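Let me begin by presenting the structure, written as structure tokens, before commenting on it.
Protein chains in written order, with this note's numbering: chain A, 1 to 112; chain B, 113 to 223.
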């Protein structure tokens, strides 16, 4: 079983739709959870981050972590064509080890 | 502010040729530095990471090596490229609790 599983999509939605992106993981030691957005031919950029379980909201984006289910989600409200990108989940254990484990990424296209 | 520079952006190299990709970081000291490779359908694969000058950890056996000759410089090398070395190479630095800052990447095609 891979440490982090993420549906690669592709996911295509109309503009204004609510998008739900998800990852599951197997390592219960993961404590820090992140979402990266990667535009085509660019490096990933940090979008959201959360610690342990709970929700975090930033504008149109909401990140959720359910450690009991080993499941994290990213919701995008009122999706825009500019949201079209690959979204990667990432996570790491606590302490001073900053190595991240990434999902494979989900390709999202928002159609105008 | 911290910035990370990575070059070249695109590279086409013949099989058997050497490789040198460079990454430098500005605006921070003693950063943790990482080399990742991203291949289609395979996600981000950690190749090397470094917590200080001369300190390199390898995550997977491969045809590549890394060096950190200066605090804010990280170099990825190969003596003889293979076709399977093709991919998108990303340098990143991370010092905080959350995540990395990635460079803009190098797209390597081995022909």
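Virtual Cβ for every residue (Gly too), placed ideally from N, Cα, C.
Source: prediction; values computed, not measured.
Listed along chain A, the residues sitting closer than 7 Å to residue 216 of chain B by beta-carbon distance are 42, 43. Secondary-structure assignment with DSSP links residue 219 of chain B through a beta bridge to B:122, B:200.
Contact between the region 28-47 of chain A and the region 62-74 of chain A is present: 3 or more CB-CB pairs across the two stretches fall below 8 Å. Per DSSP, residue 66 of chain A is one residue of the beta strand (DSSP E) stretching across 61-66. Residues of the region 152-163 of chain B whose Cβ lies closer than 8 Å to any Cβ of chain A, in chain order: 153, 154, 155, 156, 158, 161.
With respect to residue 125 of chain B, residue 193 of chain B sits close: the two C-beta atoms are nearer than 8 Å. Residue 10 of chain A and residue 84 of chain A have their alpha carbons spaced roughly 11 Å apart. Taking a Cβ-Cβ cut-off of 7 Å, the neighbours of residue 206 of chain B in chain A comprise 98, given in sequence order.
Exclusion of the five residues before and after residue 184 of chain B leaves 136, 137 as the residues of its chain whose Cβ lies within less than 6 Å of its Cβ. Here residue 180 of chain B has 145, 162, 164, 165, 166, 167, 168, 186, 187 as same chain residues with Cβ atoms under 8 Å from its own Cβ, once five neighbours each way along the sequence are excluded. Close partners of residue 144 of chain B in chain A (Cβ separation under 8 Å): 98. The beta carbon of residue 104 of chain A falls within 8 Å of a beta carbon belonging to chain B, placing the residue at that interface. The C-beta distance from residue 219 of chain B to residue 37 of chain A rounds to 19 Å, too long to meet the 8 Å contact threshold.
Under the 8 Å Cβ criterion, the region 57-67 of chain A does not count as touching the region 97-109 of chain A, having fewer than three qualifying pairs. Boundaries of the beta strand (DSSP E) around residue 167 of chain B: 167-170. Pairing residue 195 of chain B with residue 222 of chain B gives a Cβ-Cβ distance under 8 Å.
For residue 24 of chain A and residue 92 of chain A, the gap between their C-alpha atoms comes out near 13 Å. Close to residue 219 of chain B, with beta-carbon spacing below 9 Å, are these residues of chain A in chain order: 41.
Put simply, the backbone Cα of residue 117 of chain B is about 15 Å away from that of residue 200 of chain B. In the three-state DSSP reduction, residue 81 of chain A falls in the helix class (H, G or I).
Per DSSP, reduced to three states, the secondary structure at residue 195 of chain B is helical.
Using a CB distance cut-off of 8 Å, residue 202 of chain B counts as an interface residue toward chain A.
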